[in-house]
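Residue numbers (numbering that gives the first Met the number 0), protein chains in the order written: chain A, 0 to 226; chain B, 0 to 226; chain C, 0 to 226; chain D, 0 to 226.
Ideal placement from N, C-alpha and C gives every residue a C-beta, glycine not left out.
From a predicted model like this one, the values you see are computed outputs, not experimental measurements.
Below is one structure, written out as structure tokens; comments come after it.
4 protein chains.
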Amino acid sequence: MPSSPHIQATPHTRQRRKQARPQELLDAALHMFVERGFASTRMEEVAALAGVSKGTLYLYYPSKEELLKAVIRERLSNEIEAGALEVERHVGTHAELLRDVLANWWLRVYDNPASGVFKLIIAEVRGFPEIAEYYFREVVEPGSKLIGGVLQRGIAAGEFRPVNVDATVQTLVLPMVMLCLLKHSLGACAPVTSLVEPGDFMNHHVALVLGGLLAAPAKVAKGKSKP
Amino acid sequence: MPSSPHIQATPHTRQRRKQARPQELLDAALHMFVERGFASTRMEEVAALAGVSKGTLYLYYPSKEELLKAVIRERLSNEIEAGALEVERHVGTHAELLRDVLANWWLRVYDNPASGVFKLIIAEVRGFPEIAEYYFREVVEPGSKLIGGVLQRGIAAGEFRPVNVDATVQTLVLPMVMLCLLKHSLGACAPVTSLVEPGDFMNHHVALVLGGLLAAPAKVAKGKSKP
Amino acid sequence: MPSSPHIQATPHTRQRRKQARPQELLDAALHMFVERGFASTRMEEVAALAGVSKGTLYLYYPSKEELLKAVIRERLSNEIEAGALEVERHVGTHAELLRDVLANWWLRVYDNPASGVFKLIIAEVRGFPEIAEYYFREVVEPGSKLIGGVLQRGIAAGEFRPVNVDATVQTLVLPMVMLCLLKHSLGACAPVTSLVEPGDFMNHHVALVLGGLLAAPAKVAKGKSKP
Amino acid sequence: MPSSPHIQATPHTRQRRKQARPQELLDAALHMFVERGFASTRMEEVAALAGVSKGTLYLYYPSKEELLKAVIRERLSNEIEAGALEVERHVGTHAELLRDVLANWWLRVYDNPASGVFKLIIAEVRGFPEIAEYYFREVVEPGSKLIGGVLQRGIAAGEFRPVNVDATVQTLVLPMVMLCLLKHSLGACAPVTSLVEPGDFMNHHVALVLGGLLAAPAKVAKGKSKP
DNA sequence: AATGAATGAGGGTTCATTCAT
DNA sequence: AATGAATGAACCCTCATTCAT
Chain A
0 MPSSPHIQAT PHTRQRRKQA RPQELLDAAL HMFVERGFAS TRMEEVAALA GVSKGTLYLY
60 YPSKEELLKA VIRERLSNEI EAGALEVERH VGTHAELLRD VLANWWLRVY DNPASGVFKL
120 IIAEVRGFPE IAEYYFREVV EPGSKLIGGV LQRGIAAGEF RPVNVDATVQ TLVLPMVMLC
180 LLKHSLGACA PVTSLVEPGD FMNHHVALVL GGLLAAPAKV AKGKSKP
Chain B
0 MPSSPHIQAT PHTRQRRKQA RPQELLDAAL HMFVERGFAS TRMEEVAALA GVSKGTLYLY
60 YPSKEELLKA VIRERLSNEI EAGALEVERH VGTHAELLRD VLANWWLRVY DNPASGVFKL
120 IIAEVRGFPE IAEYYFREVV EPGSKLIGGV LQRGIAAGEF RPVNVDATVQ TLVLPMVMLC
180 LLKHSLGACA PVTSLVEPGD FMNHHVALVL GGLLAAPAKV AKGKSKP
Chain C
0 MPSSPHIQAT PHTRQRRKQA RPQELLDAAL HMFVERGFAS TRMEEVAALA GVSKGTLYLY
60 YPSKEELLKA VIRERLSNEI EAGALEVERH VGTHAELLRD VLANWWLRVY DNPASGVFKL
120 IIAEVRGFPE IAEYYFREVV EPGSKLIGGV LQRGIAAGEF RPVNVDATVQ TLVLPMVMLC
180 LLKHSLGACA PVTSLVEPGD FMNHHVALVL GGLLAAPAKV AKGKSKP
Chain D
0 MPSSPHIQAT PHTRQRRKQA RPQELLDAAL HMFVERGFAS TRMEEVAALA GVSKGTLYLY
60 YPSKEELLKA VIRERLSNEI EAGALEVERH VGTHAELLRD VLANWWLRVY DNPASGVFKL
120 IIAEVRGFPE IAEYYFREVV EPGSKLIGGV LQRGIAAGEF RPVNVDATVQ TLVLPMVMLC
180 LLKHSLGACA PVTSLVEPGD FMNHHVALVL GGLLAAPAKV AKGKSKP
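Below, the structure written as structure tokens:
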């Protein structure tokens, strides 16, 4: 940020570009890596998509590997930040909270280039164990704790049945991640007509699992009580 | 074929190898492609793992691409065959049938190189749309119909609630596929300690979803009076 | 271009090379292809002879085949251009014209890398039918028309006997082409001592054929009474 | 030749093949080498064309190079033998002798696989200087002497003008060799329509050169004597 | 800072040659 | 003698990376 008091909201083209470059390069790299895979993407393709020359790419990232790591880190750290804010500001039942947390994550991620990061990680992580470690520590564990915490408190409150928390987290979350993967693999090739529309699926999925999760009384509300 | 009772099960070295080669090569290729990715695997590595020279590989598969396709086709067609036999031979409630079908699939696939095929498909399919089409037509659709059929009949029998069948199939199946992916990506890097053990997860997962799936009466036994 | 009188004929190193490269590469390729044959020449050898690395070659020509085609096209189109200018600017008898056209062609071609193109074409054309077609359309036919035209006009003027024009063209031209071939094959191996020196041969060859070509009167001077 | 008195004109199949093999292999090799070039021909193609397996080829010729040399030597030695018989048995004028020698050579060679050997030599000889030396010593020199001798004697007899013998040999012979080359290169690709038919050409070619060669009186016979 | 020409190590593929059967 | 499976050296081509401009 320039020290001058005149906040230069949109600096002149050259300046603006220079500032925006890193992000544009990361965006281009994410797009190409997800579409063609890391090894099959040429640095020149990334550069071309970002509208710069091959050499320029190397001014910002010293190697292809570092570019990959930067791409993943940048997207994930954004996610982490956004996810952390979610839980506190909610009121209502734990079921509502769960629904909201998952739905918001979905809204934020699925129709967003960020969804591609999952494919990147699944596909490339074995070549970069440091990314595995980072991803696990910064995303999987905090995320599990977030969802798991809601479940735990719901159980304690008698709202949920006393399920295995970790397993339930996976039942809830893995299909969502899987849909992100499908979007960027099969979904990009075949007209995956027979699959449910992702938005619809989410609603049904959470409702279905909540059906198995809620303590019995919840069902009574639906007027299905017998005799 | 010799009519003598001494079945010459193992013809002499050269012959025996010739027969066994294709499978050995496919196994080696699957292993390497899953571990390192298609593009990053060198043909020489595949050959070395199979214990032959680079040239020999080309006696059996005319290119790296054809090797990939052969790997995927062979594993999938095996799966398809095995899967098709599953449903008929079961008796019991639809819930039991569902549990059995999923559990058997799991036993057959998870602790087996076949589980790697999912990673291959997710990671590489965009470069080979024909594989996408094949996978969709021969695996996704038949598989969905198999599980979906059980659900449908369970609903018709009043055993299951009238859920969205396709969405429920995904809630049931996607986490299983996702665990296969994780096994061959994150799971192969970090000691994924905080994740539930896959066998345990399966039991809990199916039970949980069945909980949301079964018509109310089943739950009545657990019925608690509402405060 | 600078208006200063100091014409910067040779821009600085990088630039200058960039401009000169294609020709240098074509020269090197012609040399190697003629010396070792197309299939036996390694791209690296061409590059080395041109003083660049293997990769650089591919910046200018996308494949070995395209390099071959470019080599042939470049040399031939130069020849064609030069040949077209030949006929108009001559005066004198048709015999003199014929002698001059052939002698000039010979001077231009024989002691020149261009002579190697004939060997390239004879040796490689079956693998590249498009080159055959190009060579025929752009070189053989126009060349035949050029020489044939002179003959035709000489015949019409009563200077030449009424010979078969096409056949005579071949009697005149084929030995010249053949000498080019020999220079780059046998001539490059054995000290072809017993062959006539090519310059001498040309003079004698044209004189000899003209001897058979000219209408009788020219010979009368030598006329000897029949016994 | 078997010492047994029963001349076994056509030994039984197996035997016959075994005896005929070397020639069949050489024929196949010549065909392929001429059509595709030495370097681009695969040993397996030669074997296939001869109807044997790759391994068998190596039972007869220890390497590809030796096969090439055998191909060339065999064809050339046949030619040499045939050519040597030509001159003695002729009577008539030297012009007639010349015409006959060239015409017979032409009949024996042009419509015969042997014509391909010239292409082989032009194309490949630089890689095999020994072949050059052999070809020069056994073919070029004897052949030149043969034709040159006829010319010399014709000159001595006053039938021919006192031309440069070596140069005239080339004017006579090179177009013939060149037509053999064209047959196997351009002629095999493009429909070489504008070229004279080779048989016609030969007649005209020899007549034309003889026209320049014969001492004047010969022309008188054609009734062109000027008053 | 930006460019893109140049490099050269690397990998897919071919094929002459070998050798067990 | 004949086969054809196996080998591995060789070669075309690609592309991450460097560096002069």
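Neighbour flag for residue i against chain D, beta carbons, 8 Å
| i | result |
| --- | --- |
| Val176 of chain C | yes |
| Ser184 of chain C | yes |
| Arg41 of chain C | no |
| Lys17 of chain C | no |
| Glu34 of chain C | yes |
| Leu173 of chain C | yes |
CB contact flag (residue i, residue j, <8 Å)
| i | j | result |
| --- | --- | --- |
| Gly147 of chain D | Val33 of chain D | no |
| Tyr59 of chain A | Pro197 of chain A | no |
| Glu44 of chain A | Met31 of chain A | yes |
| Gly82 of chain A | Leu145 of chain A | yes |
| Gln169 of chain C | Phe200 of chain D | yes |
| Leu207 of chain A | Leu213 of chain B | no |
| Gly210 of chain C | Gly210 of chain D | yes |
| His89 of chain C | Ala156 of chain C | no |
| Pro141 of chain B | Ile79 of chain B | yes |
| Cys188 of chain B | Ala69 of chain A | no |
| Val149 of chain C | Leu106 of chain C | no |
| Ser62 of chain B | Ala38 of chain A | no |
| Ile121 of chain B | Ile120 of chain A | no |
Amino acids of chain B, ordered along the chain, whose beta-carbon sits closer than 8 Å to that of residue i
| i | result |
| --- | --- |
| Val208 of chain A | Thr170, Leu207, Val208, Gly211 |
| Pro161 of chain A | Those within 8 Å of Pro161 of chain A in chain B number zero; the least Cβ separation is about 12 Å. |
Min CB distance residue i to chain A below 8 Å
| i | result |
| --- | --- |
| Pro61 of chain B | no |
| Arg20 of chain B | no |
| Pro141 of chain B | no |
| Arg125 of chain B | yes |
| Ala189 of chain B | yes |
| Ala38 of chain B | yes |
Residue i burial status per 10 Å Cβ neighbour count (16 or more: buried)
| i | result |
| --- | --- |
| Ala49 of chain B | buried |
| Ser184 of chain D | buried |
| Asp165 of chain C | buried |
| Glu158 of chain D | buried |
| Lys182 of chain A | buried |
| Thr55 of chain A | exposed |
| Gln7 of chain A | The predicted model places Gln7 of chain A with a pLDDT of 46, which falls under 50 and marks its position as unreliable; any figure quoted below should be read in that light. Exposed is the call here. |
| Leu84 of chain D | exposed |
| Glu123 of chain B | buried |
| Ser3 of chain A | Because Ser3 of chain A carries a pLDDT of 43, less than 50, the predicted location of this residue cannot be relied on, and the following value inherits that uncertainty. Exposed. |
| Ala46 of chain A | buried |
Beta-carbon neighbours of residue i, restricted to chain A and to distances below 8 Å
| i | result |
| --- | --- |
| Lys118 of chain B | Ile121, Ala122 |
Chain B contact for residue i (CB, 8 Å cutoff)
| i | result |
| --- | --- |
| Glu158 of chain A | no |
| His203 of chain A | yes |
| Ala131 of chain A | yes |
| Tyr134 of chain A | yes |
Within chain D, partners of residue i - CB distance below 8 Å
| i | result |
| --- | --- |
| Val195 of chain C | Asn163, Asp165, Ala166, Gln169 |
Contacts of residue i in chain D (Cβ-Cβ under 9 Å)
| i | result |
| --- | --- |
| Cys179 of chain C | Under the 9 Å cutoff, chain D gives no residues; its nearest Cβ is about 10 Å from Cys179 of chain C. |
Interface partners of residue i on chain B, CB under 7 Å
| i | result |
| --- | --- |
| Arg72 of chain A | The premise fails here: Arg72 of chain A is roughly 16 Å from chain B at the closest Cβ pair, so nothing lies under 7 Å. |
| Phe200 of chain A | Ala166, Gln169 |
Cross-chain neighbours of residue i in chain D, by beta carbon under 7 Å
| i | result |
| --- | --- |
| Glu95 of chain C | In chain order: nothing, as chain D lies at least about 17 Å away. |
Within-8 Å CB hit, residue i to chain C
| i | result |
| --- | --- |
| Pro112 of chain D | no |
Exercise. If we count Cβ pairs, one from each stretch, closer than 8 Å, do we get three or more for the segment 135-145 of chain A versus the segment 173-188 of chain A?
Worked result: no
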